[in-house]
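First up is the structure itself, then whatever we jot down about it.
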Amino acid sequence: MKPAAFDHQRPETAEALAALLAAGAKPLAGGQSLGPMLNLRLARPDRLAGLAAIPALAGIREEAGIIRIGAAVTHARIEDGDSPVALPPALRQVARGIAYRAVRNRGTIGGSLAHADPAADWITTLTALGAQVVIRDATGGERRAALPGFMPGAYRTALGPAEIIAAVEIPAALREAYWGYHKICRKVGEFADAIGAVALHPATGHVRIVAGATGGAPLLLEGIGADLARTARHPGTGALRLALETALPGADRVRIQLLVTALDRAIAKVVPA
Amino acid sequence: MTSAIGARAPRKEDARHLSGKARFVGDIKVAGTWEAAFVRSPLAHARLGAITKPPGMEAQVFTAEDMPDLAPIRCESTLPSYKVSDYPALARGKVRYVGECIAICIAPTRAEAEDLAEAVIVDLDPLPAVADIDTALAADAPRLHEDWEDNLFLTTRHDGDLSEAKARATVVIERSYETARQAMNPMEGKGVLAEWDHRADQLVVHTSTQVPHLIRTGLSECLGLDQAQVRVIAPDVGGGFGYKCVLQPEELSVAWVARKTGRPVRWTEDRREHLTAGVNTRQHRYRITAYADDDGRLLGLDADIWVDIGAYSVWPFTACLEAAQAGGNLPGPYDLGAYACRTYSVATNKPGFTPYRGVARPGVCFAMELTLDAIARAVGRDPLEVRCLNLVPGAAMPYTNVTGKFYDSGDYPAAARAAAQMIDAEGFAARKAAAAAEGRLIGLGYACFTEQSAHGTKVFAAWGLPLVPGYEQAMVKLTPSGTVEVRSGNHSFGQGLETTLAQVACEWLHLDLAQVRVTMGDTGLTPYSTGAYASRGMVMAGGAVSKASEELARRLRIHGAHLLQCDPAETEIREGAVWKGQASVGFAAIADAWYLHPDRLPEDVDTAGLEVTEGYKPDIDTGLFTYATHAAMVEVDPESGRTEILDYVIFEDCGRRVNPMILDGQSYGGAAQGIGSALFEEALYDAAGQPLTSTLADYILPGPAELPAFRLGHSETLSPYSRHGIKGVGEGAAIAPAGAIVNAINDALAPMGAELTRIPATPHRVLAAILDARAAREAAQ
Ligand SMILES: Cc1cc2nc3c(=O)[nH]c(=O)nc-3n(C[C@H](O)[C@H](O)[C@H](O)COP(=O)(O)OP(=O)(O)OC[C@H]3O[C@@H](n4cnc5c(N)ncnc54)[C@H](O)[C@@H]3O)c2cc1C
Chain H
1 MKPAAFDHQR
11 PETAEALAAL
21 LAAGAKPLAG
31 GQSLGPMLNL
41 RLARPDRLAG
51 LAAIPALAGI
61 REEAGIIRIG
71 AAVTHARIED
81 GDSPVALPPA
91 LRQVARGIAY
101 RAVRNRGTIG
111 GSLAHADPAA
121 DWITTLTALG
131 AQVVIRDATG
141 GERRAALPGF
151 MPGAYRTALG
161 PAEIIAAVEI
171 PAALREAYWG
181 YHKICRKVGE
191 FADAIGAVAL
201 HPATGHVRIV
211 AGATGGAPLL
221 LEGIGADLAR
231 TARHPGTGAL
241 RLALETALPG
251 ADRVRIQLLV
261 TALDRAIAKV
271 VPA
Chain C
1 MTSAIGARAP
11 RKEDARHLSG
21 KARFVGDIKV
31 AGTWEAAFVR
41 SPLAHARLGA
51 ITKPPGMEAQ
61 VFTAEDMPDL
71 APIRCESTLP
81 SYKVSDYPAL
91 ARGKVRYVGE
101 CIAICIAPTR
111 AEAEDLAEAV
121 IVDLDPLPAV
131 ADIDTALAAD
141 APRLHEDWED
151 NLFLTTRHDG
161 DLSEAKARAT
171 VVIERSYETA
181 RQAMNPMEGK
191 GVLAEWDHRA
201 DQLVVHTSTQ
211 VPHLIRTGLS
221 ECLGLDQAQV
231 RVIAPDVGGG
241 FGYKCVLQPE
251 ELSVAWVARK
261 TGRPVRWTED
271 RREHLTAGVN
281 TRQHRYRITA
291 YADDDGRLLG
301 LDADIWVDIG
311 AYSVWPFTAC
321 LEAAQAGGNL
331 PGPYDLGAYA
341 CRTYSVATNK
351 PGFTPYRGVA
361 RPGVCFAMEL
371 TLDAIARAVG
381 RDPLEVRCLN
391 LVPGAAMPYT
401 NVTGKFYDSG
411 DYPAAARAAA
421 QMIDAEGFAA
431 RKAAAAAEGR
441 LIGLGYACFT
451 EQSAHGTKVF
461 AAWGLPLVPG
471 YEQAMVKLTP
481 SGTVEVRSGN
491 HSFGQGLETT
501 LAQVACEWLH
511 LDLAQVRVTM
521 GDTGLTPYST
531 GAYASRGMVM
541 AGGAVSKASE
551 ELARRLRIHG
561 AHLLQCDPAE
571 TEIREGAVWK
581 GQASVGFAAI
591 ADAWYLHPDR
601 LPEDVDTAGL
611 EVTEGYKPDI
621 DTGLFTYATH
631 AAMVEVDPES
641 GRTEILDYVI
651 FEDCGRRVNP
661 MILDGQSYGG
671 AAQGIGSALF
681 EEALYDAAGQ
691 PLTSTLADYI
701 LPGPAELPAF
711 RLGHSETLSP
721 YSRHGIKGVG
731 EGAAIAPAGA
741 IVNAINDALA
751 PMGAELTRIP
761 ATPHRVLAAI
771 LDARAAREAA
781 Q
């Protein structure tokens, strides 16, 4: 399990990085997903461009009501609240449940989104928080992709060639959101078998209920969310099951059951059953 | 005396392990070593065509064609109906499982060797795969081994007469059970470094093994070398559990290449190779009919047992030890009147099979203990009472059971009751009701077993194995500085034998542990031993060290008496010296006299000196039977299918505890592996024989957070048949967790009408059982 030979560069500026990417280099962030793929020779890039040495990608700041988290910020920094601006408690709580500390020390929020594993935590969490993904192209131009949308399916993203994730943006008001998250996994540190995420912020009217680890992109349950906003009542497992069975036709009954449970428990943290 | 038998002495080996200074095969540096990588089959069953080596690199790539002088691994057995499979180190003619070695590539680094392996082109003509037992046994099934008339390595039968049991039975329980295929996952995988030593004119093979002397025998047979031309050194070994008690095809290829090229060569198994190509274990299937009366007294048992062996037999434990042991051990610790059982060792297109910690008993214990709970539910009695009714009572000891096993000593019902008391079985009903009132499901489950340990010559001869262990040898000597050196051909790969063998020597020689050095694992330095398996190390090597130490003590007293000018009968050994009254002469002075100042000794001195080799086996070959009851209390979350272990107790009797702390560690580790079997571990294959669990992301092992704080209790019934009353204990704790935990799950699920009969009891299986039961209930309404 040794990777095929590759060249590894560590650019220190966004411009140097852009040049490498334009020449076909693959970004390397924490290496916690790419590393195993290299070792298994499932990914065989000739050249890797490390992101860790570019200061701009590792910053966290708040501007005009938006918290902007650089793509190369690690799960561990978020867990520790190691940030010049207060992070939403939801983020710290989710970070703590990703993998093991050794993985969190290196794995990054941008790497996780770019990898787009359906069972990963950030993609579901950030969908529930209505985050925007800031995408930068080789010329330094930026565009934004909303969640959901950024991830059309398993291991697929809206990133074009030579584009990278520069940051994610979250409305600062959601610091005060009611937050419910429930991850079902086989053991501590494993990827999820089912995730339920709920973000509720009455002042801005933000309501999102998301099922994660569905096998594909996170599933935004808009009808259930709208009902919850209207009634402020737990929808009950029957309604959740129906919504999931409709949205995920052909899904195995055990997967549906796990998703119902994850959503049920996430919602119960926000509104009593 | 804090260093003798019974002391909770800290382990001598821990300092180097805890400071990262241990020396595994991967740590050994031999100048000029190249690394090896294997080309492995991507198909489970195929005809092997041309193999094309990368142009210009032919001298670094070797196939079976290059090795006409390397004999295949061939494991004979004298059992009737046994069929032999030739297992070549590199595939010949056909491949029979994904991961089978086809070529070995060597290069200065492993990465370059893997580059080379990728560039080798192999023509394979696919054949239909036999990926499971049903496919293998179908009338028109493709044959794995063309010269066989079916896909069965062996069938065995116990033909007890069940007619009376059937006539008297008022309760008949029928069940089918399945246990998953597993990979053993020692922390260190296999590893081998071979070099030719011209000075010694020897092939020196450093390999991660439990059985260095056996590997020497196997290597020399396959390579056609005299055993004296092969030296096997097992350095620090990072776990074995049975995985490393067999001759490995990679050991053969690496040794052959090192000899051929004159270059030291190393291969290190990586986790993916372990999970896809390494030998597997545990996969059983049962069909059981139990006959009982209204009290839950077992009258008879009728069983069919299938074991999914994979493609080839391992050497030397054969493809059949597992099924033979399953058939022989299914009755477990119970007094059973009538027993009939047929076993089938089935060949499939998967990696081969080795006995793993517990050997067959985790499967039979699971099947038997679930059956006992089913009986208890059928007759409406407490499962503990049904067990105690059926367990062999202490008054019946020694006891020969229905399959001829000779239970040497103990009180099995007492252990069951002690475990029940530890887990507060009496208070459980109230606890369960309180939980139910909160909508929580909790359950209590038991599993009882015996662990046949250190079984010897006659037993192995009856299994028809090519290896039959006899007297275990050990050497104990006084060094010129008056300390003691112990040498054993057994090996320690985590069991703490460096400490416990030293403790046995201290029992006779009354030294500090630091003054006793234990050397193991090197065929050049130690007397022949068949090695570490079958929970035999402490009994066999411990017995041999005890016998040799006793003799050394006797000789020390003779020399000491001469120096003290008294009669040996007037002396005793204490604190590293020979004493007569207040006068003493230290071991150092005795050593000095023997080695450097023989003028101080009499003319007629015993010329045997201060170096003693003795051979030992217990008074009986049938083994010493350790026994235990495990009890588990679990909570099952019916919405997520998750099982949480709330409490776990083990009450065990393994005779004399040489080092109770090390024993506790063995129990924790074994039980952790048993919990892996019960709840997590499963090596899955698809219908084409492709492995689906090729990384630790898919093959789930329990971690610290998934394990309970085990609580242990002990009694010490000394075996009348072994030195110091010791019984083996290395495997035991891995045997019962699946039975205890799944019984507890079924107890919790009983109100929902759901019952699990298959491990691991994953959340998926628990939920499926609940959903099935719910659907059945709704259909019935
Ligand atoms: C044992 C283990 C357990 C884990 N458990 C979990 C878990 O429970 N939950 C969970 O969510 N995750 C889990 N992970 C994954 C972990 O969170 C990874 O850190 C994450 O998926 C990838 O982040 P990374 O920074 O390591 O990215 P890398 O591995 O460096 O890169 C991953 C991919 O993204 C690309 N990439 C990286 N950064 C960018 C960027 N800024 N722009 C564009 N492309 C980029 C790379 O080219 C690569 O294709 C686990 C990982 C391991 C090893």
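Protein sequence lines, in the order shown, are assigned to chains H and C. If you count the first sequence from 1, position 47 lands on 47 in full-length UniProt numbering, and the numbers rise without skipping. If you count the second sequence from 1, position 414 lands on 414 in full-length UniProt numbering, and the numbers rise without skipping. Ideal Cβ placement from N, Cα and C applies to all residues, glycine included. Just so we're clear, the structure is a prediction, and the values are computed from it rather than from any experiment.
Supposed close pair residue i, residue j - CB separation, criterion 8 angstroms
| i | j | result |
| --- | --- | --- |
| Ala-303 of chain C | Tyr-286 of chain C | 6 angstroms |
| Arg-41 of chain H | Ala-4 of chain H | 6 angstroms |
| Ala-95 of chain C | Ile-423 of chain C | Checking the displayed sequence, the identity of residue 95 of chain C turns out to be Val instead of Ala. About 50 angstroms; that fails the 8 angstroms criterion. |
| Ala-52 of chain H | Ala-72 of chain H | 6 angstroms |
| Ile-123 of chain H | Ile-69 of chain H | At roughly 14 angstroms, the Cβ-Cβ gap does not stay under 8 angstroms, so Ile-123 of chain H and Ile-69 of chain H are not in contact. |
| Leu-624 of chain C | Ser-722 of chain C | 5 angstroms |
| Ala-169 of chain C | Ala-292 of chain C | 6 angstroms |
Cβ neighbours of residue i in the same chain (closer than 7 angstroms, five flanking residues each side left out)
| i | result |
| --- | --- |
| Ala-128 of chain H | Ala-197, Val-198, Ala-199, Arg-208 and Val-210 |
| Leu-70 of chain C | Ala-89, Cys-222, Leu-223, Leu-252 and Trp-256 |
| Asp-125 of chain C | Ala-46, Arg-47 and Gly-49 |
| Ala-165 of chain C | Tyr-291, Leu-299, Gly-300, Gly-337 and Ala-338 |
| Gly-358 of chain C | Glu-731, Ala-734 and Ile-735 |
Any C-beta of chain C under 7 angstroms from that of residue i
| i | result |
| --- | --- |
| Ile-184 of chain H | yes |
| Lys-187 of chain H | yes |
| Thr-124 of chain H | no |
| Val-254 of chain H | yes |
| Thr-214 of chain H | no |
| Lys-26 of chain H | no |
| Lys-269 of chain H | no |
| Met-37 of chain H | no |
| Gln-93 of chain H | no |
| Gln-257 of chain H | yes |
Below-7 angstroms beta-carbon distance, residue i vs any chain H residue
| i | result |
| --- | --- |
| Ile-645 of chain C | no |
| Leu-771 of chain C | yes |
| Ile-423 of chain C | no |
| Leu-767 of chain C | yes |
| residue 813 of chain C | This structure gives no information on residue 813 of chain C, because the portion of chain C shown stretches from 1 to 781. |
| Arg-47 of chain C | no |
Proximity winner among the options, relative to residue i (alpha-carbon distances)
| i | options | result |
| --- | --- | --- |
| Ile-256 of chain H | H:Arg-241, H:Thr-125 and H:Ile-267 | H:Arg-241 |
| Ile-165 of chain H | H:Pro-3, H:Ala-5, H:Gly-111 and H:Arg-92 | H:Gly-111 |
| Asn-349 of chain C | C:Arg-387, C:Ala-71 and C:Ala-129 | C:Ala-129 |
| Gln-325 of chain C | C:Ser-345, C:Ser-313, C:Val-314 and C:Tyr-334 | C:Ser-345 |
| Tyr-407 of chain C | C:Pro-398, C:Ala-415 and C:Ala-414 | C:Pro-398 |
| Leu-321 of chain C | C:Thr-403, C:Phe-153 and C:Thr-762 | C:Phe-153 |
| residue 786 of chain C | C:Ile-590, C:Leu-501 and C:Leu-116 | A question about residue 786 of chain C goes unanswered here, because the residues of chain C that appear run from 1 up to 781. |
| Val-468 of chain C | C:Leu-478, C:Thr-457 and C:Ala-738 | C:Thr-457 |
| Gly-189 of chain H | H:His-75, H:Gly-141, H:Ala-162 and H:Arg-143 | H:His-75 |
| Ser-208 of chain C | C:Phe-241, C:Ile-675, C:Tyr-177 and C:Gln-202 | C:Phe-241 |
Contacting residues, own chain, Cβ-Cβ under 6 angstroms from residue i (five flanking each side not counted)
| i | result |
| --- | --- |
| Phe-38 of chain C | Cys-101 and Ile-104 |
| Gln-283 of chain C | Arg-181 and Asp-308 |
| Thr-237 of chain H | Val-260 and Asp-264 |
| Pro-552 of chain C | The question names Pro, but residue 552 of chain C is Leu in the sequence shown. Cβ within range, chain order: Val-476 and Val-612. |
Close Cβ partners of residue i (< 8 angstroms) along its chain, the five nearest in sequence each way excluded
| i | result |
| --- | --- |
| Thr-523 of chain C | Pro-212, His-213, Arg-216, Val-230, Arg-231, Val-232, Ile-233 and Gly-489 |
| Met-37 of chain H | Ala-43 |
Determine contact between the region 132-140 of chain H and the region 11-24 of chain H, defined as no fewer than three beta-carbon pairs at a distance below 8 angstroms. yes
Should the region 481-490 of chain C be regarded as contacting the region 670-682 of chain C, the criterion being three or more beta carbon pairs within less than 8 angstroms? no
Cβ pair count under 8 angstroms reaching 3, the region 594-601 of chain C against the region 436-453 of chain C: no
Under 8 angstroms, with one C-beta from each stretch per pair, do the region 17-28 of chain C and the region 189-199 of chain C reach the 3-pair mark? yes
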